[in-house]
Structure formats: C-alpha cells, structure tokens
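Here the protein sequences line up with chains G and B, keeping their order.
Be aware that the first sequence starts at 1, since it is given in the numbering used here, and climbs by one per residue.
Be aware that the second sequence starts at 1, since it is given in the numbering used here, and climbs by one per residue.
By construction, the Cβ of each residue, glycine as well, lies at the ideal position given by its N, Cα and C atoms.
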Amino acid sequence: MSFVKEIDYGTPASKAEKTVTLTVDGKQVTVPEGTSIMRAAMDAGIEIPKLCATDMLDSFGSCRICLVEIEGRGGTPASCTTPVAEGIEVRTKSDRLDAIRKGVMELYVSDHPSAWNEQRGTGASEFDKVADQVGLTENRYGTDGRNHVAPGEGSLTVDYIARDESNPYFTYDPSQCIVCSRCVRACEEVQGTFALTVEGRGFESRIAAGMSEPFMESECVSCGACVQACPTDALREKSVLDKGMPESSVVTTCAYCGVGCSFKAEMKGNEVVRMVPWKDGKANRGHSCVKGRFAYGYTNHKDRILNPMIREKITDPWREVSWNEAFAHVASEFRRLQHQYGRGAVGGITSSRCTNEETYLVQKLVRQGFGNNNVDTCARVCHSPTGYGLKTTFGTSAGTQDFDSVEHTDVVLVIGANPTDGHPVFASRLKKRLRQGAKLIVLDPRRIDLVRMPHVEASYHLPLKPGTNVAVLTALAHTIVSEGLFDEAFIRERCDWDEFQDWASFVMQAENSPEEVEKVSGVPAELIREAARLYATGGNAAIYYGLGVTEHSQGSTTVMAIANLAMATGNIGRPGVGVNPLRGQNNVQGACDMGSFPHELPGYRHMSDDATRDIYDSLWGTKLDREPGLRIPNMLDAAVDGTFKGIYIQGEDILQSDPNTSHVAAGLEAMECVVVHDLFLNETANYAHVFLPGSTFLEKDGTFTNAERRINRVRKVMEPKNGLADWEVTQTLAQRLGLDWNYQHPSEIMAEIAATTPTFASVTYDLLEREGSVQWPCNEKAPKGTPVMHIGGFVRGKGKFIRTAYVATDEKTGPRFPLLLTTGRILSQYNVGAQTRRTENVKWHKEDRLEIHPHDAEQRGVRDGDWVKLNSRVGETTLRALITERVAPGVVYTTFHHPGTQANVVTTEFSDWATNCPEYKVTAVQVAPSNGPSDWQEEYEELSRKSRRIAPLEAAE
Amino acid sequence: MSADAKLVYMANQIASFFQAMPGDEAVTGTAKHINDFWDPRMRRKLRVILDGGGKGLSPLVISAADQIRWPETAEG
C-alpha cells in the first residue's frame, strides 16, 4: 500500500476570478487574485518552508520562516501574508533568506526538547522536517536560562508545564509547543468551538485549553482539528506516540453519521494508526469529529464475534459452528418456514451502516430468493417520512443541496436537529457561515447549543411543545401568505398556481394563525411572525432538519410543510437554499436508494410499476410480487399474530433502536428463526437463533451515500477479521438458497445497480476513482452527478403544494403522565452505542441521563445526579437526572445510547401516519425519585447475561 | 393495543391526513395510500374488519373501501 500524499498549499485558495501572473524563482505562474505568494509558489512546485501556515487556516504570519525576497521591494516579507501582484518577481532562495530562516529556526530549537537532544515526540513532525529543510545543525544559545523544556530544579521550573494526558486520544506536551497558534486557529476557524487560546505574552505565551484546564475539563470537543494542525509533536495522537508514524494510507469514508466524512486510514502494517480527514473530501473538507477521527477502536474490540454461532432455543448457550454449517442451517430453516407458513412468512432488514452494495444484495435476496417484498431498513425509524414527503412534493426522496451550499446561505432554519451533537462536521461548516453573518432560526423544544454558543446566536428560537411542528410550520406559512411574502414569479413558473392558491387559502384559515397556534405550541405569535419574515425575506434561506421533524405521528406532514415553505418563498433550485434532511446513519440515504423499503425497488420505483419490475424480472429470472411487503413494525405485529416466522437482520439492533421494547421483544420471541448479522452480540441477538459475524468498514470495499446524495468509496484496508465481508455472507446465503450469484467484487454489484437504476446509470468505481465522489442523479444528463437538485424545475414536473392540517398526537399528557419526554443523541456517542460504547468515547458519556428543568425537578424532590424512575403508559426504566434549563418546564429529554437504560422501554407504538416511523420524540411520562433499576432492567440484565453465553468448543477429533 | 385495534388506528390516521384534501382527493388519497403501502395481509385484515361492520373506522376509510385493492388469495 502507498501513502496518500496531500499537498499543503500553506494558505486557503482564493475564489477570485481575475488572475495574476508572477514569477517565482524564475518560473512563471498564474493564480487567482488574492492568492498568497506562498500558495502561488506551491502551485509552481516550489515549497517555501513554513511553520505557522497551513491551507486549512487563514494566514497569520507569525513564524518568520516563510520569508521571501521580491524584486524592487525592500525587506523580506512573509510569503503567507503577502498577496501576489501582477508581474512581481519572487525569490524563495538566497543566502540572506537561508541565514534568516536558519537563525529563526535556531531560536525555536533553543527552547525545544531537540536542543536537549531529547526525543519526546515522533522526530517526524513538520517542525523536524523544517529544521532539516533549512539545514539547521547547531544551537548556539545553549540550554541554560529560562526555558519551557526542562522540568529541572528551582527557578528553571516556573516555565515548565507537565504533559496533559487527560484526553484519551491525544497528548498535549507544552514543552514542544512553539506557540504558532495553529491549534487555536483550527479550534476557531475550522471547528468553531473556541476552546483554545494563547494566554500570556512574549516568553510567557502558552497555549491553554479553556481557563488553563486539562483538555478534558475544558470546552474541547475532541474533534482533533488542533492535533491535525499542530506542526510539532506538542499535540499528538496517543496512538502515533504509541505505535510510531504511519507507513501507508488509504482514502475511505467514515462509518458514523450521515455527513459521510472522507478520511485517510493511516496504517502501520495491518493496524490503523490514525484516521486523518481527507482535505479533498467534499463533505468534510478536511475536518472531522471525535467519532470519525478517534473512535475506531471498536473494530478490534474484544467483544467482536468472529465465528458464526447457532442455538436451537434463545435460552440455550451459543454454539460456535463453521460458516458452512451456519449457511446450511439458515437456508434450510428459511425454506422450512416458507414451506410451512407461506412465502410471506420470512423477510429481511438491510443495514444503514452497511454499504450500498450490501443493502442492494439483502433486498435482492428477499425479493429474488424469498420471493416476497418483506424487506425494510432502519430508515423506517428515522427518515422514512423524508422519503415520502419530498417524493410527494418535489419528486425525489432526498435532500436538495450539497454541504458546500451552506456557504451561500443567508438565513438558516434548523428544525428538530441538533447538528453540533448529531452532525458535528456539518455544524462546523454551518457555524463558520453564521460567524460570517448568516442569520439563524431554531425550531426546537430544547435550547440546543446552536441557540447560543461562542460567536453564534440564533435570531429566533421557537421552543415549541413536542408534537406541534406542523402547527408552527403552517403558522409560518400563514404569515408568509398573509403578509404577501411569497415568491409569486417562482410559484407561477415552477409550481401549479391553482394548487398554490388552494394551499394558500388553507393556511389562511383561522386555526393556522400564529395566535391560534400559540395556544397549542406555546410559541408566542409574534415570534412566529418574526421568524417567518426573516425566512421569507432574508435572502437565500435554507432549511436543515433532523429526526425532530420525522419521528412524530405527523412526521411526513411536517416534511411536506417544510417543502411548502421552501416552494412558497422560492428557496429551491440554486446554491444556498433548499430542504436538507440531516441523515442519522452513514448510509441511510444509500439504504433507501437501494430499494430497502418494502414498497419500492432501487431508485424509489414503486413495486406496482410494471416497467420497473420487468427490468428485474428479466435480469433476475424471477417474477417479482407487485404488492408491497411488510414494514418493520408490521413484521413484528405479524410475528405476534403468527404469520411471520423468520428474519435476516443485517447490521441493525432493532431491539434497542425501535420503540416499545417489550413489543419488539414479543415479536422476535414469536419467530422461529432470527438471524442476526452483526459485529457484536447486540441486544437483538438476545432473541436470535443464528449469529453471523459481520465485518467493519475497514475490512471491505463498497460505497456509502451521505445526506447530500454523495456516493463515497469505502476502501478495504485490512482483511475481514471474521473471514468474510458482509456482501460475501449475503451472497453465500443466496447461493445456498439456490440463487446463481457470482459477484467477484462490490464493483460488479454497483454495475448491476447502475444498469437497472436510472439515477445511478453512470456510476462506476472508475468514475468514483477519478472524481473522488459523485452525487446522484448521475447519468447521461449529469455525467459528474448533481450537487444541487431541481434547478430550473422540479423532478416531478411542477412542485406540489400540499395541505398540512395539524392533527394532535394521541400521546397526551395528563395527571398520571404530566411531562413530555423527547429523545436525541450526544456528540460522543452514536445511535445505540454498539460502536462508540466500545471506545474511549465513554469517557464523555458513560450513561444516559434524564434532562429535567429545575422547576419540575424541585416539585418532585429530585436533585442533580439522583436516580429517577421514568414511567410511561407502556413501560418504565430508571436513570440519573441532570437538572438543566436547556429543556423547558414540562419537557424532559434523554439519549438512547446505552442498553442499560433502554429509553425505548418507555416510548410508545404511535407512529407516522404515512410511513409508520415511530413517534420517539413525544412520550407522556412521569418522573419520580427511585433507588434502583426497574424490574424490566433487572430481568433484561439477566436475559442478556444468559443469552450471551457461548459454549466452549468441543475438542476436535 | 390489539392487532385489530392497531390496524383501525393506522387506517384512521391515514384518513385524518387526507381529510383536509380538497374534493375527491380525500377518498382517493386514503385508498391509494393503503394500496401503495399496506402488505396484502394487512389489507385482508382490514377487509374482515369492514365486513364485520367496520367498528371504530372513520367514515373516510369506509368510503375509501371501494377503491382499496382487496387481495384475493389467502397467501400474500
């Protein structure tokens, strides 16, 4: 394997269109106006030594290493801060420059461990390379006197600060720091957290986290941008200090959230040494969060199961078996179940954490092999309403923009999303734009961080009561229509004017007025009006939304209400605007694209469409069923009913992630063959009869599609520890069921997808190799993909306005359950936590806590940190309270990352009317002090313990 | 909620969305949604509930019944 080399141009690219020509060391080079001399030189292939400059950050001009001479100008200006000018002649090498650079470097070294002949870092940092580059050989200043390096005795110790090892992933060694402030600037400019600062002046200048605290106690979110920026070993990954610098690297895609960051997996031998965000990655542009960069340790965690296992009853211990036996067993069981209970008695669940190719194969296995459409995916419980709502209004089940679009946005409306926790890398890009002056409106029951944080403040926060999204959005529309703020020209051109008028008369009805909506939502009418005016008139307005929109009984209606707003104000079809669902898991978009839903084939084509079925019938030699199959909740209902008996679940933990845990458990218990294909014995596996070990994203080839419809390559960096990549497992299973599948590589699966799905027609691995990534639709009309959709017109023809009547959820508060529980996630953990709980990320979030307002807590005699019992109509659990004003009185909040808490024991079976997406965001609950785990928790703990027993292997003959 | 009660609840929920639609769309939308997204065994159960008098079903679901595609065979 080779090492992916990235060029550091020293300063960011200029976006100017006008160009300037200059000469650098006699070479002519033409660059955009505003480019630094440093960058222009690098364009010409000439690397000017530098320490404080890097192209991820604005130029700063502090290190005095990058000096150059310009013909006709006096002095030696810094090339990073000096812009190019027409016709100038720049010299980057001369005796004078050499002497200055060497002199400056010698001063740096005199206060650095290298002068003490100590190697405290890697010896391979940028600092070490620059010392080499300028030919530094001596330190004439010696090591006596004040310095920051020697722990020493007496007076010498005042300037010495010991290493900060508090962060589990990186070390801060102040003795190696040269105070170039790259880390401080990275924290500000790239991440937007402002956790770092330079304190003191002159010789006393030091980099400090927070108020000179250990990193872990400061506001630091451990994104690692500072570590990546540091040119010395002062901030360095512990894994690198431990194992040494990487020797090879491969570009791949993060397997956490829907942002889909590109990373270089940097390896030493067969081991990942670190993950470094790839600057050419178009989703993340060289940035990352704590999960993607650091939390990959689960991939070789001791809990990983590497051998297939079988058991007859779920109360038996597991028995390790060969792959051969496992495949034979599953095939014969599924055939038996279909023979005994009917063709529709089995089904499968595709994984939003697996690749497109793998999800495609699972739905193909169900449709071709099982001969039914009982296939679903975890998007059912997160973004299925997005698919339905945007398909109905715009004609495509996906977001309209790329992430770069935010750079052109003037007004951002965030609804039911918490990007700084859920989609941190996008949040950093959003915050950057907000710091440049874009306005922000937040619609959320909680005061999420974005409402007010360093250098970001929302113009309006509408703290609506959970469950009233539709009412508030329709009231926004009411204001826009009543005040004539809609974009008539856009609507007449792109939408159906009669439909608009019908919709306008609907939103103008009295019950949709801000005053009426104030009564149900608790949001003051004037605040609704102000927010509507800003959204409609503030320039390019973009809506970003998350699961706070979709996970309601009116989830699909809310998505349509959002689409209505964007159409009415003409905020569709160009950069800077649009409707942007922030997807939960890495490949939720892809899993949906690949036909994982029971009613549609890849590319969102309904099963009842004869022409589409014909394509697959002829290719697969089958007769596809035109009827929709069962969705996950319907499968569980059918199982309890006795008509659904077997399921193949790839990479999903429905027991922990789906609502009303005891109902899920009852459904799984009623089945005769539950096959779980996963990395770990997850909670669902407690009810499984067969366990097939899965492979991690590092162990296979494939593609993920992120929230911007971007198809990114996943590249194999090591052999699967379990022996088979997930697509190979599904393929072998299909072969055992008698299907003639012979894919040699995932690229062949993609070829089949492209051949059968018009929106993917031009996607090939070769194209992805050349372009890095593409956004679908990618076909003859858009050979390099489509960053922004609906330009010039909607995919469905005319944009469709839909009446969105507010229907209150039936999950209501009352005397027994007076509080509303809403759920979400936290930065350091991911989904059900199966991965992140098996990393050092638990240092940030060891347990799920119940956020409760001080007023509600006091009424109940609950103090911060107390154990409390959380009851709903369906169940109860216990967890510790966290008293905070982030939640309004009457609202409580928790996360669902830990199986010990099982927040979904209390969530109900209410779901979205259109898609059955569960209503996770609204549960009426009561909270009371408690002194221990609930009965369910104790019983479940016991069940988990029992069901994870693995019988010792019998000695081989 | 019993299985039947749940099905009635889901059908009524669909109707409650289409209720707001102008003209025929309320009826056609409700029926189309059930045809497009409900597995045959769910529709079959709905038929049984309707044949038993449609207890608990909203009037809109009952008027959409004519346009719902009822599966014929016993096996879906």
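| Item | Value |
| --- | --- |
| For a cutoff of 8 angstroms on Cβ pairs, would you count Ala31 (chain B) as touching chain G? | no |
| Just to make sure I have the definition right: I need the residues of chain B whose C-beta is within less than 8 angstroms of the C-beta of Asp609 (chain G). Which are they? | Chain B residues near Asp609 (chain G): none, gap ~11 angstroms exceeds 8 angstroms. |
| In the DSSP output, what is Pro889 (chain G) paired with across the bridge? | None, per the DSSP bridge assignment. |
| Grab me the residues of Leu7 (chain B)'s own chain with a C-beta within less than 8 angstroms of its C-beta, minus the 5 sequence neighbours each way, in chain order. | Met42, Lys45, Leu46 and Ile49 |
| Return yes when the C-beta of Asp726 (chain G) is under 7 angstroms from any heavy atom of the ligand GDP, and no when it is not. | Within the structure as shown, the ligand GDP is missing, as the structure has no ligands at all. |
| Rounded to a whole number of angstroms, what is the C-alpha to C-alpha distance between Cys382 (chain G) and Asn373 (chain G)? | 20 angstroms |
| Taking 8 angstroms as the CB-CB cut-off, is His606 (chain G) touching chain B? | yes |
| The alpha helix (DSSP H) that contains Lys45 (chain B), what's its start and end? | Pro40 to Asp51 |
| With a threshold of 16 other CB atoms inside 10 Å of the CB of Asn117 (chain G), please say whether the residue is buried or exposed. | exposed |
| Gln19 (chain B) touches chain G at which residues, Cβ-Cβ below 8 angstroms? | Ala805 |
| Pick helix, strand or coil for Phe982 (chain G), following the three-state DSSP scheme. | Residue 982 (chain G) lies beyond the residue range present for chain G, which begins at 1 and ends at 957; the question has no answer from this structure. |
| Who are the near neighbours of Val788 (chain G) in its chain, counting only those whose CB is closer than 8 angstroms to its CB and skipping five residues on each side? | Thr400, Gln401, Asp402, Ser405, Gly573, Arg574, Pro575 and Gly578 |
| Quick check on Gly646 (chain G): does DSSP put it in helix, strand or coil? | strand |
| Taking the alpha helix (DSSP H) that Tyr616 (chain G) belongs to, which residues open and close that run? | Asp610 to Trp620 |
| With a cut-off of 8 angstroms, do at least 3 Cβ pairs link the segment 186-203 of chain G to the segment 244-263 of chain G? | no |
| Helix, strand or coil, according to DSSP, for Thr972 (chain G) in the structure here? | Shown here, chain G extends from 1 to 957; a query on residue 972 (chain G) therefore has no answer. |
| How about Gln656 (chain G) and Ser352 (chain G): do their beta carbons lie closer than 8 angstroms? | no |
| Which same chain residues end up closer than 8 angstroms to Asp316 (chain G) when comparing Cβ atoms and leaving out the 5 residues on each side of it in sequence? | none |
| Which residues of chain B have a Cβ atom closer than 7 angstroms to the Cβ of Asn634 (chain G), listed in chain order? | Asp39 and Met42 |
| What does Ala568 (chain G) touch in chain B if you count any residue whose Cβ is under 9 angstroms from its own? | Ordered by position in chain B, no residue passes the 9 angstroms Cβ test against Ala568 (chain G), which lies about 17 angstroms from the chain. |
| Would you mind telling me which residues of chain G sit closer than 8 angstroms to Ile49 (chain B), beta carbon to beta carbon, in chain order? | Residues of chain G passing the Cβ test: none, with the nearest at roughly 14 angstroms. |
| By the three-class DSSP mapping on this structure, what secondary structure does Ile491 (chain G) have? | helix |
| If you compare alpha carbons, which of G:Gly738, G:Gly34 and G:Val507 is closest to Leu476 (chain G)? | G:Val507 |
| What is the DSSP secondary structure of Thr252 (chain G), counted as helix, strand or coil? | strand |
| Could you tell me whether the Cβ of Asp641 (chain G) comes closer than 8 angstroms to any Cβ of chain B? | yes |
| Measuring only between beta-carbons, confirm whether Ala3 (chain B) sits less than 8 angstroms from chain G. | yes |
| Could you compute how far the alpha carbon of Ala754 (chain G) sits from the alpha carbon of Val763 (chain G)? | 6 angstroms |
| For Thr193 (chain G), which residues in chain B fall below 9 angstroms Cβ to Cβ? | The contacting residues do not exist; Thr193 (chain G) stays about 42 angstroms from chain B at best. |
| When the cut-off is 8 angstroms and only beta carbons count, does His455 (chain G) lie next to chain B? | no |
| Should Glu126 (chain G) be labelled buried (16 or more other beta-carbon atoms within 10 Å of its own) or exposed? | buried |
| So with CB distances below 8 angstroms, who are the chain B contacts of Trp913 (chain G)? | Met10, Gln13, Ile14, Ser16 and Phe17 |
| Report yes or no: do three or more beta-carbon pairs, one from the segment 308-324 of chain G and one from the segment 674-691 of chain G, lie closer than 8 angstroms? | yes |
| Tell me the DSSP bridge mates of Tyr544 (chain G)? | G:Val414 and G:Asn580 |
| Just the C-alpha distance for Gly76 (chain B) and Ile749 (chain G), rounded to the nearest angstrom, thanks. | Low local confidence applies: a pLDDT of 41 at Gly76 (chain B) is under 50, so the model's placement there is unreliable, with the coordinate-based value given in what follows. Going by the C-alpha atoms only, they are around 29 angstroms apart. |
| Would you report the Cα separation of Tyr9 (chain B) and Thr923 (chain G), rounded to the nearest angstrom? | 18 angstroms |
| Taking the runs of the beta strand (DSSP E) that are 3 residues or longer, which of them lie wholly in the segment 756-837 of chain G? | 773-775 and 819-824 |
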